[in-house]
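Each remark here refers to the structure printed beneath this line.
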Amino acid sequence: MALENKNCHLAISRGSLIVLEGLDRSGKSSQCSRLVSYLQEKGIPVEACRFPDRSTSVGQMISTYLANESELDDRTIHLLFSANRWEKRSLMETKLKNGISLIVDRYSYSGVAFSASKGLNIEWCKAPEEGLIAPDLVIYLEIAPEKAAERDGYGCERYEQLEFQRKVAQNYNLLRDSTWKVIDGCLSLETIESQVREQALECVSVCKKGKPLLNMWLSK
Ligand code: DGP
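Take 5 as the starting number for the sequence shown in this note's numbering and just add one per residue.
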């Protein structure tokens, strides 16, 4: 008689989708890499990703546009940013289902907040994001646009203009939902880091317990 072992198909607990959002120069990228290193040290399977992902051919068109080396219609570039997220969707889902948490620098909220700041209708901007994987946690690093403008490197790319970033901040406010945790981006790097860690660890533990994966804006 075959030996039955009911424990041999233990389900893998899924990873968490954690997104960092904020204005340009709000400190997201540094906090993303600090968080990834921290979770790795704790033995949590984790990977970093960022949008726009400039490594793909769609990403290269976006990069050229951001560097002011090409001109595109506002709706066209909006859809390219969205396509850049869609081209990673199935890979992201596979990783999450295999227990790998993803720390993502910008996501659909950037997509909508930036494009709506050009005057596009916010609901129109949200539509192509529907069906992407919904983040389990969005950490928004809040910083006054004037403060961000004082930081090193500001002004290099197309959207790094004070008046435009003010509109982006207003649009981010319209997008806040129950997955958001707002952290003051003017605190010290270390203080922000410890708040980010705390939120991330709680999120990872909730997802491990079987929280289902949801889709963007369909079920919120
Ligand atoms: P970053 O690589 O994170 O510095 O982002 C580059 C710029 O592109 C930044 O100004 C934010 C903007 N951005 C990021 N994602 C989107 C998006 O989906 N749509 C639009 N319109 N802008 C975006």
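The beta-carbon is built from N, C-alpha and C at its ideal position, and this holds for glycine as well.
No Cβ-Cβ contact shorter than 8 Å links I137 with L24.
By alpha-carbon distance to Q169, the top candidate from S59, A148, G135 is A148.
Contact check for E150 and L166: beta-carbon distance about 7 Å, within the 8 Å limit, so the pair qualifies. Pairwise C-beta distances place the stretch 100-109 in contact with the stretch 33-44, as three or more of them are shorter than 8 Å. In this structure, the straight-line span from the alpha carbon of T68 to that of S74 is close to 6 Å. Taking 8 Å as the upper bound for CB-CB distance, I48 and V208 are in contact here, some 6 Å apart. In this structure, the beta-carbon distance from R18 to L100 falls below 8 Å.
For I187, the uninterrupted beta strand (DSSP E) run begins and ends at 184-188, by DSSP. Here L27 is buried, its C-beta having at least 16 other C-beta atoms within 10 Å. A Cβ-Cβ separation of about 6 Å places C129 in contact with H82 under the 8 Å criterion. Going by DSSP, D78 is part of no beta strand (DSSP E) but of the alpha helix (DSSP H) stretching over 78-90.
A buried status is given to K32, since no fewer than 16 other beta-carbon atoms sit within 10 Å of its beta-carbon.
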